[in-house]
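> Take this structure, written in structure tokens, and hold onto it; I'll ask about it next.
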Amino acid sequence: MSTPVFAVVGHPNKGKSSLVATLARDATVGIAPDPGTTTHARRFPMRVADTVLYTLVDTPGFQRARAALDWMRQHEGDAASRPAVVARFVAEHHSGERFRDECELLRPILDGAGIIYVVDGATPYGPEYDAEMEILRWTGRPSMAIINPIGQPLHVDSWTTALGQFFRVVRVLDVLQARFDQQVELLRVFGLLQEEWRPSLERAADILIDHRRHQQEDAARVMAEMISAVLHHVELRRLELGEPAQRHAAALQEQYQGRLRQLEREARNEVERIYGYDALNRNEPEFELLDLDLLAEESWLAFGLKRRDLVAAGAVSGAVTGGLVDASLLGTSFLAGSAIGGLVGGALGWFSTDKLAELKVLHQPMGGQRLRYGPAKSLQLPFVLLGRARLHHQLVAGRTHAQRGTLVVGQGTAMHALPDRVKKELAARFQRLRRTSPGSDGHETALALLTDAIADLLEPSQPN
Amino acid sequence: VHGQAHLLSEQRNEQRKRSLYCHSAGGANHAAMPRPARSAPRLAELAALMAAVDWDERQSASTQTALDREVAPQLQASGHHPVVAGRIWLAAVAQRSREVQETQQRVDHMLGWTQAGMVILGLLLGWLTTFGVFYYDGSSRVNVVVALAVLVVIPAVLLLPLLLAALPERIVSALPAAAPLAAVMRALSPGRLAPWLLRWGPQDWRETWKGWQGRLAAHRTLYGPVQKWTLLRWSQLFALAYQTAALLTVILLVVFTDLAFGWSTTLTTGDPERDAQRVHRATSLLALPWTAIVPDAAPSPELITESRYYRAAPRSLSSAEASRLGGWWRFVVLALAVYGWLPRLLTLTLAHARLRTSARAAWVATPRLTAVLRRIRLASVQTVSAEQEQRAEAFTLHPFSITNDLTAIDAQPIVINWSAVPLADDVLQQHLRPRQILAAGGAATMEADQAVVARLGADRSEAEEIVIVVKAWEPPLLEFVDFVRSVRQALGRNRSILVLPVAVNAAGQPQAASESQTGVWQRKLTQLGDPWLRVAAFPREAAS
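Residue numbers (this note's numbering), protein chains in the order written: chain L, 1 to 464; chain R, 465 to 1008.
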């Protein structure tokens, strides 16, 4: 069975390239208001592993349809020979400049492609379309028409009537705004053009649905990772001995907030990449931290020791030493040695902490004071992050590759509409994420749980 | 929540398994290929993976895409298992990057060398220590207490850091003093000998080692457990070698020399009988694990009483006595095996298993690997074109303004309605006051167009200007450009041609074309380079 190929043809500037960009999810397709932007047929195969399920071909628009039809009529024999006349037309003119666009768009059709004829339902039908539709009819290939209203769909009815005379299947689809389910549905319609194409197109549609689910899950994972990174982020700055903390407070807060925003931006880019947008211009208000009281001054010691550890270690070694004294007195001291040793050792540990902080080994300080900003404590923060990420995802997933403007993400967090049950469950998962440290098995489980919860929220059927 | 989430995850996993996406075309083709193992990644692979991720980051998008497309089918066949998928990707990267390939080889060699070194050191130390402890020249006896203390008790105490390390971090941090103790023990671990051993390795090994350690340090939170368990596995390997050497040395000494065992201690009750009973209780307790199988291997009370000796009252042994005192050997050998060797075998197995687990966890959590695998998985379904878009060269417009003053039009132009603009003749009459209205394009034949052109050529009237009314919403086609060229040819130079893109409302009245529509016409027609050809916007006043 040959792989189904569909040539997207029509008048210039009626959305052929937009249709291809949308269905092929390819932002590299040139879309411009000037006619003749597409100069060569370009193939967009849908590959799954190493198998091609179908191919879309973007073609230049008809430029001299009347003259081409004129030539064909002059060379016409009977109705049965019309496809051969079209083939002869292409054979005779393909090397010339005059009918380059016509040859380029007719060639895939002559090679066996189905015809997808695209018109604009926002502008009226005119007689200049007749010649091109007639040529397409002459090819004898299975065909359908898509009315793509670029603006107000004022003329859809007149188009439906006109196209009905040339095409068996006519569909209306705003290709710039086409939802994912509409795109998949359209693919299934393509499969109806010829019986043997149907299995391939059905399979392609199923795979795309599956692929979409994976994209949602991947996006959910990226969001969960971003939330985790934000919740655990801490900015540290060492203080010189006697240096006032307030000197660095503002800078540290800015640094902290800057890093959080960067984490969010990176996650946004990754989600866009998942949906096949590599260089999307995005306009999104930066998020504001809700709790700004995250500054703390603390002592630090080498090896991650804490004062508590030193006291305990001191106490234990003191007690052991004391215990040896007790043992040598055959217990007559009633463990006084252990008790005294433990107390003295603990006290030494307590007082040595500061001394240790001032100590330098191989020019490396063994401790000191530092400022810590973070981690964020606000219970609202993960909800805000998720709300923003979800809104962005909704826009990215709902966008088509034919849209070329800036992605404008609004301010709304859209989380309040969620049922209480879902909010509670999310809150529990956020807490779990906070409690586990990154890199641990527990954290991985917490991430997986949150990813699942977010993936459910990304389903288009969920309330916004 | 946890249970529900697991159920959800399982449902998703089930869906994944059933999914067409994972078992789609290509699976059969790759079924014959050797499938990389799911086993935990080796450290060398982990090191290579880190290098591969760095390599990937340095590549251009096109190189990444080419690699992704190549790897995607195999990944699908693998069912996207993170370790298998990572291995497949790593193998593909290693084919392209010498650095990644060499990293893996060097780390592999390095680790092999280190392990061999640790084993040799352990064997040497075990042999030397045992030889020292069991030194017997016939003048004195081998003190069982010392032998057990050195070969069993001390190593058993040294198990503590391992146990501390094996505890989850949460518990260690909660136990007072456990963290510094663990840090000190780690600092004293024989595993620390490994870097020292590497000093004797070739220069490139040392560099690879440094680079790897640098990467580990940079992501300490993720790779901390790997580092810890690598170190602990080395120390357990060392310890097992030590215990093996001890055990073998004792057995060899027993086989090839005569040993007379005895016991001696200062901690005494003063009553030899009670002392012997105490020792017997202790030895019986120690021998519990094996008395059922080897009853002889527990020293009898008589042997214990007989084998006590005092350094203060040395006496030489008769040959019969010496032979009886040798009866301790079974106990000593089995104690070494059960309390020295076996625990180390277990701890080595534990360290090995934990290293594998942590290596697997680190593999999965390797920064950017998830993103790379995600990228490849998404690349397994491709809808975009592999061909470059060929675009028409953009035309830069010469800056000239669009006329919107219809008074600039001649009094009585000839108007051509191109392609049936839906404006009635009387409307055109009202707005443009033409001398004549002709029709071309659209449903008209090419001959009809030629006839219009011929008529314009023949017309030598006063009407200087030709106004072509076109649909503003349609783009200018080459067909129209051809027509304008023919008109120009027929008219000759100097006569003005005005193209008037016009919009039409539902009532059939002319509307001003949008700027972008007029711009499209203007850009196209400017390309003709005809100085007497203008594009005019339909004035808004006229439209109203």
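The beta-carbon is built from N, C-alpha and C at its ideal position, and this holds for glycine as well.
What separation, rounded to the nearest whole angstrom, lies between the Cα atoms of residue 50/L and residue 540/R?
Counted from its first residue, the first sequence places residue 50/L at position 50. Counted from its first residue, the second sequence places residue 540/R at position 76. When rounded, the distance between both Cα atoms is 11 angstroms.
> Here's a check: name, in chain order, each residue in its chain whose Cβ is nearer than 6 angstroms to the Cβ of residue 803/R, leaving out the five neighbours to either side.
Within the second sequence, the letter at position 339 stands for residue 803/R. Around residue 803/R: 616.
> By Cβ distance below 6 angstroms, which residues in the same chain neighbour residue 12/L in space, the five residues on each side in sequence not counted?
Your numbering for residue 12/L matches position 12 in the first sequence. Excluding residues within five positions, the ones whose Cβ falls inside 6 angstroms are 35 and 61.
> Using DSSP bridges, identify the partner residues of residue 6/L.
Position 6 of the first sequence holds residue 6/L. Its beta-bridge partners are 56/L and 114/L.
> Considering Cα atoms alone, identify which of 744/R, 820/R, 895/R and 1000/R is closest to residue 974/R.
Within the second sequence, numbered from 1, the residue matching residue 974/R stands at position 510. Answer by Cα proximity: 895/R.
> Helix, strand or coil for residue 437/L per DSSP?
Residue numbering aside, residue 437/L sits at position 437 when the first sequence is read from its first letter. Coil, per DSSP.
> For residue 552/L and residue 949/R, what's the separation of their Cα atoms in angstroms?
As displayed, chain L neither begins before 1 nor continues past 464, which places residue 552/L out of reach and without an answer.
> Listed in chain order, which residues of the segment 927-959 of chain R have Cβ atoms closer than 8 angstroms to some Cβ of chain L?
Hits within the stretch, in order: 935, 937, 938, 939, 940, 941, 942, 943 and 946.
> Nearest to residue 841/R by alpha carbon, out of 268/L, 197/L and 274/L?
Position 377 of the second sequence, counted from the first residue, corresponds to residue 841/R. Ranking the options by Cα distance to residue 841/R, first place goes to 274/L.
> Is residue 534/R helix, strand or coil when you go by DSSP?
To locate residue 534/R, count along the second sequence from 1; it is residue 70. Residue 534/R: helix per DSSP, three-state reduction.
> Establish whether the CB of residue 228/L and some CB of chain R are separated by less than 8 angstroms.
On the first sequence, position 228 is the one that residue 228/L refers to. Chain R, which has no Cβ nearer than 8 angstroms to the Cβ of residue 228/L, makes this no.
> Taking DSSP as the reference, what is the three-state secondary structure of residue 145/L?
Here residue 145/L refers to the residue found at position 145 when the first sequence is read from its first residue. In this structure, residue 145/L counts as strand in the three-state DSSP scheme.
> Does the distance from the C-beta atom of residue 107/L to that of residue 64/L stay below 8 angstroms?
In the first sequence, counting from the first residue as 1, residue 107/L sits at position 107. In the first sequence, counting from the first residue as 1, residue 64/L sits at position 64. Going by C-beta atoms, residue 107/L is not nearer than 8 angstroms to residue 64/L.
> Residue 52/L to residue 958/R, Cα distance in whole Å?
Taking the first residue of the first sequence as position 1, residue 52/L is located at position 52. Taking the first residue of the second sequence as position 1, residue 958/R is located at position 494. One C-alpha to the other measures close to 58 angstroms.
> Note the first and the last residue of the continuous beta strand (DSSP E) segment covering residue 46/L.
Here residue 46/L refers to the residue found at position 46 when the first sequence is read from its first residue. Counting along the chain, the beta strand (DSSP E) containing residue 46/L begins and ends at 42-48.
> Could you run through the segment 893-906 of chain R and flag, in chain order, every residue whose CB is less than 9 angstroms away from some CB of chain L?
Residues 905 and 906.
> When burial is assigned at 16 or more other CB atoms within 10 Å of the CB, is residue 758/R buried or exposed?
Working through the second sequence from its first residue, we reach residue 758/R at position 294. Residue 758/R should be labelled exposed.
> Use the C-beta contact count for residue 621/R: other C-beta atoms within 10 angstroms, 16 or more gives buried, fewer gives exposed.
The residue labelled residue 621/R in the question sits at position 157 within the second sequence. Exposed.
> Between the segment 115-127 of chain L and the segment 66-79 of chain L, do three or more beta carbon pairs fall short of 8 angstroms?
Short answer: they don't touch.
> Taking a cut of 9 angstroms between CB atoms, which residues from the segment 831-851 of chain R lie near chain L?
Listed by position along the chain: 834, 835, 838, 839, 841, 842, 844, 845, 846, 847, 848, 849, 850 and 851.
> Apart from the five residues on each side of it in sequence, which residues of its chain come closer than 6 angstroms, Cβ to Cβ, to residue 743/R?
Position 279 of the second sequence, counted from the start, is the residue given in the question as residue 743/R. Closer than 6 angstroms at the Cβ level, and outside the excluded window around residue 743/R, lie 768.
> Counting only beta-carbon separations shorter than 8 angstroms, does residue 853/R have a partner in chain L?
Position 389 of the second sequence holds residue 853/R. Interface residue, yes.
> Thinking C-beta only, is residue 223/L closer than 8 angstroms to residue 454/L?
Position 454 of the first sequence, counted from the start, is the residue given in the question as residue 454/L. Position 223 of the first sequence, counted from the start, is the residue given in the question as residue 223/L. It is a contact, given that the beta carbons lie within the stated cut-off.
> How about residue 59/L and residue 9/L: do their beta carbons lie closer than 8 angstroms?
Locating residue 59/L in the first sequence gives position 59, where the first residue counts as 1. Locating residue 9/L in the first sequence gives position 9, where the first residue counts as 1. Contact: yes.
> What in chain L is Cβ-close to residue 884/R, meaning under 9 angstroms?
Counting from 1 along the second sequence, the entry for residue 884/R is found at position 420. Neighbours of residue 884/R on chain L, chain order: 126, 127 and 128.
> Below 8 angstroms on C-beta distance, what does residue 148/L contact in chain R?
Translated into the one-based positions of the first sequence, residue 148/L becomes position 148. Within chain R, no residue comes near residue 148/L; the closest Cβ sits about 14 angstroms away, beyond 8 angstroms.
> Give the single residue among 293/L, 408/L and 423/L whose Cα lies nearest to the Cα of residue 465/L.
Limits of chain L in this structure are 1 at one end and 464 at the other, which puts residue 465/L out of reach.
> How would you label residue 618/R, buried or exposed, when you count the other beta carbons within 10 angstroms and need 16 or more for buried?
Walking along the second sequence from the start, residue 618/R turns up at place 154. That one is exposed.
> For residue 891/R, tell me which candidate among 530/R, 736/R, 972/R and 828/R has the shortest Cα-Cα distance.
One-based indexing of the second sequence puts residue 891/R at position 427. With distances taken between Cα atoms, residue 891/R lies closest to 972/R.
> Would residue 727/R and residue 798/R be called neighbours here (beta carbons separated by less than 8 angstroms)?
Indexing the second sequence from 1 puts residue 727/R at position 263. Indexing the second sequence from 1 puts residue 798/R at position 334. Against a cut-off of 8 angstroms, the Cβ pair of residue 798/R and residue 727/R comes out as no contact.
> When the Cα atoms are used, what is the spatial distance from residue 295/L to residue 221/L?
One-based indexing of the first sequence puts residue 295/L at position 295. One-based indexing of the first sequence puts residue 221/L at position 221. Their backbone Cα atoms lie some 30 angstroms apart in a straight line.
> Please report the distance separating the alpha-carbon of residue 750/R from that of residue 699/R.
Your numbering for residue 750/R matches position 286 in the second sequence. Your numbering for residue 699/R matches position 235 in the second sequence. Looking at the two C-alpha atoms, the distance is approximately 26 angstroms.
> Are the CB atoms of residue 843/R and residue 533/R within a distance shorter than 8 angstroms?
Here residue 533/R refers to the residue found at position 69 of the second sequence. Here residue 843/R refers to the residue found at position 379 of the second sequence. Going by C-beta atoms, residue 533/R is nearer than 8 angstroms to residue 843/R.
> Looking at the structure shown, is residue 464/L part of a helix, part of a strand, or coil, going by DSSP?
Working through the first sequence from its first residue, we reach residue 464/L at position 464. Because the pLDDT of residue 464/L is 48, which lies under 50, any placement of that residue in the model is unreliable, and the number read from its coordinates should be weighed accordingly. Three-state result, residue 464/L: coil.
> So residue 44/L contacts chain R; which residues on that side make the cut at Cβ distance below 8 angstroms?
Taking the first residue of the first sequence as 1, we reach residue 44/L at position 44. Residues of chain R passing the Cβ test: 847, 848 and 849.
> Scan the segment 966-988 of chain R for residues whose Cβ lies nearer than 9 angstroms to a Cβ of chain L and list them as they occur along the chain.
The residues in question are 968, 970, 980, 981, 983, 984, 987 and 988.
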